[in-house]
Amino acid sequence: MTMQLSRSDAEDFLIKEAALLDAWKLEEWAELFTEDGEYLVPATDDPDGKPGTSLFLIYDDRHRLGERAKRLLKKTAHAESPHSRTRHMTSNVAVGESSNGTIAVSCNFVVFRSRMEVTNIYPGHAEYLLVSNGSGLRIRSKKAVLDVDALRPHGKISIIL
Amino acid sequence: MMNGHNASSQELAGLIIDDRRDASFKVHRSAFVSDEILALERERVFSKCWLYLGHTSELKQPGDFISRRVGGRPLLYTRDRDGKLNALYNTCAHRGALVCRERSGNRRAFTCGYHAWTFDEKGRFIGMPGREALPPSATENCKLDLVHVERMEEFKGFVFVCYDKNVMSLTDYLAGAGDYLAYVADQGASGMEIVTGTQDYCVAANWKLLQENSADGYHGVPTHSTYFDYLRSRDSTNFATMNSRGWVKNLGNGHAVSESIGLLPWGRPYARWVPGWGEDTKAEVEALNKEIMERLGPERGNVVANGDRNLLIFPNLVVNDVMATTIRTFYPVKPDHMEVSAWCIAPAGESATSRDRRLRNFVEFLGPAGFATPDDVEMLELCQRGYANLESAPYNDLSRGMLCNAPTKTDELQMRTFWRRWRQLVSGDPSLELVGP
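So the sequence lines, in the order shown, correspond to chains A and B. Residues in the first sequence are numbered consecutively from 961, following the numbering used here. Residues in the second sequence are numbered consecutively from 124, following the numbering used here.
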């Protein structure tokens, strides 16, 4: 099945995702994913690595990404308590190949995170596999690849990119 | 505030209060903030102790190399054409520039970008443009070669360097910690290997806080309750049946381990199946466990497969064998800032399904985006911020379990073991005791 998606529709969807994250509506963010959805961030020194053969920073199946969202909303998720302020910038959106009901979409991103008077910047690009289920687009896979050599000075990825 | 180089040995030793009579152990917070103390640590700890360089599996082929900072020094770790490992200082014999800028690769020659002086993978000078302008004697006696690190030794695949040529052998240095590295080395029937993908991060805190934290069972529940919530949601874990208090041992020379054998709430990739992995995976996990038991015998097999261990090797190597096995090392950049690198070590040649399970399991807890490590980073940074009050609130307390004959993981013997060795080296007084409650 070939899926049609315009760039502006893809962009609208990514803007909606970014807005949920910046508003800390993380459970609503997790709902954007399909039942078999996954969220991936490769190691900074192996950006082309494959999950399952390379050690990733984030290798979430659907259950874990939902739990990630729930966790970050708890006061006991200390790294995000109190919450940081984030701003997700999304650009250079491109719609790629479609196959088996999914369509590839890529974008560049920069995420700013500020907390306790420190601001960190997470630049990178993201690769999505999206599906349309009638009521709108859903994410089957999101891979965020950071353009940094190390998580320095960030120290962690305690937010969702 | 402590002024390190001007401080006497006695004053430096006095940073630690090790009061056996009142069962009180305190560390002065200036040890975490002082530039002078850091300068002393560079001289007396990082220049004198064996430091982890890497694993033999990281350099598989002749010509493979890795450039890596160890104790703040940029090194080149190479496997040469004869299959031998080398640890070289990554600095040109001419003006000192790094001769290698890549993190890793395979090559037989390193050419400095500045004036094109070239060295082979053993560090031998090969050539330069305009050789005739230097006297023939310039290259005699390997004078223009890259300099080898003073000492490099291997223990069961773990390669260490030391910048002091007179240091004791690595095996002697490791003392009781060697047995624990051997448990890790024994996991794989065909040896162990480092998985690609490094977790390189940092913490805005003193480096010693991470050594303390890495085998601190006491913080597990308050700091990491959200991780246990995750396990509960996935595995319906009954925490009431868990017996996780374990024990702690002083392994000599400042090394320590916290350990337990048996039931903990997380899965272990080859030994402890958990429901969240799916019923279909159970048979493979049980078969892996059986292979270890048969290969090593029931007693050692039980320790290797069913034991969870947090191993601290002085000064800054952590080998935690828990929901996966991680090697972690870290160095101070400033008193309040460290750089951390962490790897996953796994049985060489394990099945794709087991490797996948291991890598998923690793990052459920470990690493800068796991469900636990970011909260450790946060706690260490909060400690460091708190030390700004040290003039009025000068001491950390590490007394837990001093009255106890059999300290557990939630006691603090592992930290006291570290600090007693630290005190001995930093004060330069070898008569100070390493053993204590």
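Glycine is no exception: its CB is placed at the ideal position from the N, C-alpha and C atoms.
- Contact of residue 180 of chain B with chain A is not assigned, every C-beta pair being separated by 7 Å or more.
- Pairing residue 132 of chain B with residue 550 of chain B gives a Cβ-Cβ distance under 7 Å.
- When the beta-carbon positions are compared, residue 1088 of chain A and residue 1065 of chain A come within less than 7 Å of each other.
- Proximity to residue 320 of chain B across A:985, A:1110, A:1067, A:1024 peaks at A:1110, based on C-alpha coordinates.
- Taking 7 Å as the cut-off, the beta carbon of residue 349 of chain B is found no closer than this to the beta carbon of residue 1102 of chain A.
- Around the Cβ of residue 1027 of chain A, a 10 Å sphere holds 16 or more other Cβ atoms; the residue is buried.
- By the rule that beta-carbons nearer than 7 Å mark a contact, residue 482 of chain B touches chain A.
- Chain order gives the chain A residues near residue 485 of chain B as 1015, where near means a beta carbon separation below 7 Å.
- At least one C-beta of chain B is nearer than 7 Å to the C-beta of residue 1111 of chain A.
- The C-beta separation of residue 434 of chain B from residue 303 of chain B comes to about 5 Å, placing the pair in contact by the 8 Å criterion.
- Taking a contact as a CB-CB distance under 8 Å, the pair residue 371 of chain B and residue 530 of chain B counts as one, their CB atoms being some 5 Å apart.
- Residue 419 of chain B places its beta carbon 7 Å or farther from that of residue 300 of chain B.
- In the structure shown, the three-state DSSP call for residue 230 of chain B is coil.
- Around residue 1117 of chain A, the beta-carbon contacts reaching into chain B at under 8 Å are 491, 492, 497.
- When the beta-carbon positions are compared, residue 415 of chain B and residue 427 of chain B come within less than 7 Å of each other.
- Going by beta carbons, residue 215 of chain B and residue 235 of chain B fall inside the 7 Å limit.
- Contact annotation, residue 272 of chain B with residue 212 of chain B: C-beta distance approximately 7 Å; criterion of less than 8 Å satisfied.
- In the DSSP assignment, residue 151 of chain B is bridged to B:518.
- Sequence-distant partners of residue 341 of chain B (beyond 5 residues in either direction) whose C-beta falls short of 6 Å from its own C-beta, in its chain, are 533.
- The C-beta distance from residue 150 of chain B to residue 521 of chain B rounds to 6 Å, short enough to fall under 8 Å.
- When DSSP states are grouped into helix, strand and coil, residue 494 of chain B belongs to the coil group.
- Proximity of chain B to residue 1039 of chain A at the Cβ level (cut-off 7 Å) is accounted for by 497, 498, 500, 501, in chain order.
- In this chain, the alpha helix (DSSP H) harbouring residue 484 of chain B covers 475–488.
- For residue 138 of chain B, the number of other beta carbons within 10 angstroms of its own is at least 16, and it is reported as buried.
- Classified as buried, residue 310 of chain B has 16 or more neighbouring CB atoms from the shown chains inside 10 Å of its CB.
- Between the C-alpha atoms of residue 390 of chain B and residue 481 of chain B there is a straight-line separation of about 9 Å.
- For residue 139 of chain B, there is no enclosing alpha helix (DSSP H); the enclosing beta strand (DSSP E) covers residues 139–142.
- Within the same chain, and ignoring the five residues on either side of residue 975 of chain A in sequence, the residues whose Cβ sits closer than 8 Å to its Cβ are 1050.
- Around residue 1070 of chain A, no beta-carbon contact reaches into chain B at under 9 Å, the shortest distance being about 18 Å.
- Shown here for residue 1062 of chain A: same chain residues with a beta carbon closer than 6 Å to its own, the five before and five after excluded, namely 1089, 1091, 1100 in chain order.
- Listed along chain B, the residues sitting closer than 7 Å to residue 1006 of chain A by beta-carbon distance are 319, 320.
- Counting along the chain, residue 378 of chain B sits inside the beta strand (DSSP E) bounded by residues 378–384.
- At least 7 Å separates the CB of residue 999 of chain A from every CB of chain B.
- The C-beta of residue 358 of chain B comes no closer than 7 Å to any C-beta of chain A.
- Of all residues in the region 344–357 of chain B, those with a C-beta nearer than 9 Å to a C-beta of chain A are 345, 346, 347, 348, 349, 350, 352, 353, 356, 357, reading in chain order.
- For residue 285 of chain B, the secondary structure class from DSSP, reduced to helix, strand or coil, is strand.
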